[in-house]
Structures are given as C-alpha cells and as structure tokens.
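Residue numbers (the numbering used here), protein chains in the order written: chain A, 1 to 366; chain B, 1001 to 1368.
The structure under discussion appears below in the form of structure tokens.
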C-alpha cells in the first residue's frame, strides 16, 4: 500500500478567473520535468486558451453513464487508479456525479485517487464551501447546491488562490472568453455582478488566509508536542486555557441547517470542539431531524440524541455534563398570541444555563 | 490604535468621497499586482497583461523595468515599446528615474511600471516613484504596476517581525486603497524556496506568514471597494465577508468577558471589533462610573467605541448594527426572568430584530 497522495487545490471565486488554466500550466511544467502525469477529468467549456494548455497531456478516457435515458460522462476513477500516474489532474472538485456513479461526489473520487498514492491537482470555487453557503446566499442571493464539507478542503496539502479582478473577469465575459455571448450577458446581469464578484472574492481571499494560518498553527502545535519533555510540564508553562466547546441544539426546523454551518464555522475559527444535540422523541421527530443529524455528521460534528420532553432542562444538563462553554441555537418559533405569556425555549435556557454563553443564530436572508 | 468616538453620520467623510469620485472620473486607471515575496511572479503577470492589452489594440508602453529581466519577460518586451528610465548616480548610489517628460510627450494609453517602490534621487521632480505614477494617472494615463508586500508602509512593522528585515523605501497603503484594481499574485511558499538550503523550513514558515498578511491586506482593500460600490449604487449595507463584532456596553454588563471574547474573535476571524453604548440621561453616578470604566476597557482592547443616541436602547442598537454590517452582537443578560406580560423583554426584542447577525448572550458577572 503506497502512501497517500498529495492534494493541491486551485481556489477561485467564480468561473472564468483562470483556475483550470493555472492548474494545467503547472501540469505542463511537471510534464516537462519528466513527471508522469495524466488528466483524469478536464472540463473544456469551449475555452480556446485553456484547451491549448492540455496539448501533449495524456487523458484517461471518461466513462459514460446512462441516467433517465440520457448519457452522462464522468471521470473513470478506477481507470485513473489502474493507470497510476504520479500526478492526476482532476477539474471541478465540487462536481456532483450523476446517480448511478460509484461515489456521489467528485471530491470522493479524488480522495479515492489520493488513497491509491496518486497526487492530485484540482480546482474549486469558494462558494462551494459548505460553511460559506449561507454567507454566499446572503451576499449574492444565490443558493449554491453543490457543496463540499470544509474538512475536505482543510486537508488539502496546498491551496493556491487564483485571482483576477472582477473588472477583468467581466471584460472576459464581455469578450465571450468564458461563456457564449448570450449566456455571458445573462450571467453578467445575474451572478456576475460587480458586487457579487467582489463579495465572493473577499471570501476567497479570507478563506485562503485562514487556511494558511491553520497550517502554521498546526505546525506550531506539532512543534510544541515535540518540544515537551515527557512527564514534567515545561518551566514557566501556563496552564492551558480551557478549550472552548460549542454545542449546537438541533431541531427539525429548516433553520437548523444554517445553525450547523454557522456553529461549525465559528468552532473551526476559534479552534473549539463542536457537538450537536437533539432533544425529542426519535420515533416522532421524523425525517427532518435525521437529515440535520446526518448533515452535522458529514461535517464531522459529534451528534447526540436525548429522549425527553423538557427541552431546555435537557440541553442545560447535557451542556454541563459535557463541559460545554457556548450553546448555539436557532430563534424559537414565534408563539401564538394566546401563549405569549409563556417563556420561549431561548428564555428558559437563558434562565437554566446561567453560567453559559448562549448564541442565537439568525437566519441569513438576502 | 483605532479608537473612534463618533455619532453618525459624518458629513466630512461623505464630502471626501464625492471629491474622490470626481477626481477619479478623469483619472487614468491604476491596477496593482500585489505579491507577498519576490519570485511569486507579479512582474510577469503585469507584463503579460500589458502584452494581452496590446494585442487587443491598446497603446501600451513600458516606463520602468527592474534590472535582471528574466527570459520570459524579455520575450514580451520584444513586442512592447520601452521608454527607458534614466540611470542617475547620487552620493554613490544608483537610481533609475522614470523619464516623465518623454512619457508625457509620448502620452500612451497604458504605462507598465515595474518596481513601484523605487525612490528618486534628491532634486528629482518627485522624491518617490509612486508619486510619479500619481502624476501619470492625473494626466489620464492608465498604469499597471507591481509591488511587494514588504514595501507597503503600514505593513512594514509586521513584515519586520516576520523577517527581521525592513525595506528602506515604502509606499503608503492609501495609494493602494485608491487603486481601481488590485490583483493578488499567490503561490504556495514551497514553489519559491530552495529545498536544498538548510533554512528551507524557516523560509517556508516566514513565507507562509507573509502570504497570510498579503491575502488579508487584499481582503481589506476588497472590502473597502465593495462598500464603496454599494454606497455609490445606493445598495443598503449587507452582511459581508468580514466578521464584524459589536459589544453592547451597559453599566452592569460583564464587559471584560465580552470584550475578551470579542477581541479573540476579531483576531481569529481577522474581523472588526466595535463597542457601543446608548446615551442615557440621568444615569446614577455609580452607574456612570461603571460605564466609563467599561468604555475605557473597550478602547484599551482596541475596540472602536461608538456612542448612540436614541430613546429606545434596542432600536438604537439594532439600527446601528444593521448600518455597520454587524455579524455577531454580544450582549449581557442577568438570567432573571424579568418578563412581565404583555411587554417583551429587551433581549427578546433584540433577538427578534437581529436580521442577519447572531446574538451572543453573556451572563452578568459572577459567572464563568
């Protein structure tokens, strides 16, 4: 079994900024150095300059899948692994495979290729990051459907930010470099507005900076472990700060998805543990709760279910026994007017978990 | 330390903006390629853009080159006209001064200028090259230029902390802020260092730190541009990419806890920290004293402090939070029911009105 391959991701903020071009540029450089490299998947989008960049690179043929009577082409992951180049080029990391493919997502195919000991170069736009989904919706009004869990991107060995100014990108669109003229015109009126592009670009810059910082922190942590002499604490070492633990209170309400993404994002940034709990009756709660729990697990959040009717009591109790420092919850559903004398769950929790910080996550609307 | 006491709106700021807009109308466009170290390829990107513009029919001229032009740039220079900088010696030092009169006579559409941070010798038209660039822009000539992070004046302390070195010449960040476009030239540090050197590990770390600085600087510039764009087009403030934390101060709130958490989130998210209090007439002296102490603490911790006016605490805070594109609002609570039907508690009203931002409730003192 060979060691896991290295993942290098070219991150952009919109179609047409030049991610694929940069990736192929690197592929050509590697080929010239004599590295065994093959294209596992490449999406030409009819862009001449980019297509020219694939010249001389070996392409592993795609496989054809039939779904609902139509034919779709996907990367032939098994064939790439059998071919076993040193480096594989795989475009569009966030792509969702057609049903019937072995894996649901292209990033899962990429992870299979990495597991076979092959390095991978890939491309992605920042709006596909799961934790930014609501922020992207809020800033642009567009709900991105194809998302990639953050940990998948965190594990990339290298991240390269591919920049182009929004003005230059819009010029490219106008010249018909990115899409056909008609499609470009529509794109510029909708998604590719100057303010949308600027907001997405800022997110991509901040995310790349964050990933760079995370890598530095990880190095520091590793160095600290090595430097520590076993048994005795280092002289003058301060007692480590109590690690923050964030608890997400999940329900079946749609806002729980926003709560999960937001809570996880905050936890990642402040290096806190993140766990999720649902209080209720599993046999009654139905599918929505299960969907949220499984969404949380996909983002590598520990999930727990407590049976019972006293929601605030159970949450406060769980939080205390699990060393939670912050509770995240959605807004309570508004009570009908004849019940307004009652306390909402937020109010009850504020009262019962007096020693804890409670964050009420707002719904993010455009 | 940014510590501003302001009651909005600020007419001077608005006026300055209008004047800047007017000036920009007739000005040439400035585009800057920003890199975090030498060898990331900013010069190449700049010349490559010049080449492409020339191919599209624009009148492009190179007005300054750096010494030791690499072959891939030499290739481009074969196709673009160069107005050579004038070599000058002064007090034993070599200078290259842009030939301003030749450029004005030639008056191209676009000037490519490498080495934006160069200084001119004493007695020159301008002490610094970036001032020459400013003049070209004033005359309606567009400029494309490239600069390394270490020359941005406001970044030089941070750069020195990382590298132990400080560049002698610098460019004010305001010059960068005024650029119409700023493009980041990014590359992973590993591509830039000599793997065989014994300092590879240290170099790689330093470069990663510089890289983060450059990305954040660009993000801040982009954030300003977005805000200007939204203001100019009358679009209401929106929840942007930057985390903006607002700590609501009252006499009895646990300000120290809230500010500490706020400061930490500001650092982790590279966001902004604001603190606000609502002016209340007839505050008892004891409460006034507590509030003043909290405000002093907020300033000490680098928060931007704002005093709000308004008859209703919640309305004032909500309006301010929306105007300031706040993403996280910190507020103290007593944990007492304090709820008397039919009136709703301030915290409930705040949560209900928190459109687009999170509300984090901190227990009043005595807690953790």
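Just so it is clear, CB atoms sit at the ideal spot from N, CA and C, and this is done for glycine as well.
The beta carbon of residue 264/A sits closer than 7 Å to the beta carbons of 131, 274, 299, 301 from its chain, once the five residues preceding and following it are set aside; these are given in chain order. Of all residues in the stretch 240-254 of chain A, none has a C-beta nearer than 7 Å to a C-beta of chain B. Listed in chain order, the alpha helix (DSSP H) runs fully inside the stretch 151-213 of chain A are 166-174, 181-189, counting runs of at least 4 residues.
Minimum Cα-Cα distance from residue 1140/B among the listed residues 1025/B, 1263/B, 1329/B corresponds to 1025/B.
Checking the DSSP bridge columns, you'll see residue 280/A partnered with 307/A.
Put simply, the stretch 158-178 of chain A does not touch the stretch 105-116 of chain A. Fewer than three CB pairs are less than 8 Å apart.
Interface annotation for the stretch 118-133 of chain A against chain B: empty, criterion Cβ-Cβ distance under 7 Å.
At least one CB of chain A lies nearer than 8 Å to the CB of residue 1188/B. If only complete runs of 3 or more residues are kept, the stretch 30-99 of chain A shows the beta strand (DSSP E) at 37-41, 63-67, 70-74, 87-90, in order along the chain.
Residue 1136/B has a beta carbon lying at 8 Å or more from every beta carbon in chain A. Inter-residue distance for residue 1323/B and residue 59/A is about 53 Å (C-alpha atoms, whole angstroms). Residues of chain B with a Cβ closer than 8 Å to the Cβ of residue 270/A are, in chain order, 1264, 1265, 1268. In this structure, the CA atom of residue 1221/B is about 30 Å from the CA atom of residue 1331/B.
Using beta-carbon distances, residue 1225/B counts as an interface residue toward chain A, with a partner under 8 Å. Counting along the chain, no alpha helix (DSSP H) covers residue 1165/B, and no H or E run does either. If you look at residue 1203/B, you'll find it isn't in any beta strand (DSSP E); it sits in the alpha helix (DSSP H) that goes 1200-1232. Look at residue 1361/B: its C-beta is under 8 Å from a C-beta on chain A. In the three-state reduction of the DSSP assignment, residue 327/A falls in the strand class, which pools E and B.
Identification of chain B residues near residue 361/A by a Cβ-Cβ cut-off of 7 Å yields 1358, ordered along the chain. For residue 1061/B and residue 134/A, the gap between their C-alpha atoms comes out near 45 Å.
Under the Cβ criterion of 8 Å, residue 215/A is counted among the residues facing chain B.
Taking C-beta atoms as the reference points, residue 1144/B and residue 1046/B count as a pair closer than 8 Å. Looking at the backbone, the Cα of residue 1208/B and that of residue 1159/B are separated by about 12 Å.
Note on geometry: alpha-carbon atoms of residue 20/A and residue 1290/B lie some 58 Å from one another. Counting along the chain, the unbroken alpha helix (DSSP H) around residue 1322/B starts and ends at 1313-1323.
In the three-state reduction of the DSSP assignment, residue 1177/B falls in the helix class, which pools H, G and I. DSSP, reduced to helix, strand and coil, places residue 1188/B outside both helices and strands of the structure shown, so it counts as coil. Counting only the Cα atoms, residue 45/A lies some 16 Å from residue 122/A.
Cβ proximity to chain B below 8 Å picks out 158, 159, 160 from the stretch 140-160 of chain A. In this structure, DSSP gives residue 344/A a state outside helix and strand, which the three-state scheme calls coil. The DSSP-derived three-state label of residue 1276/B is strand.
Chain A has no Cβ within less than 8 Å of the Cβ of residue 1298/B. The residue from 89/A, 206/A, 219/A, 168/A with its alpha-carbon nearest to that of residue 31/A is 89/A. Residue-level contact check: residue 1202/B does not touch chain A, since none of the beta carbons of chain A fall below 8 Å from its beta carbon.
In this structure, residue 1214/B and residue 1149/B form a Cβ contact; the two beta carbons are roughly 5 Å apart against a cut-off of 8 Å. Residues of chain A whose Cβ lies closer than 7 Å to the Cβ of residue 1218/B are, in chain order, 205.
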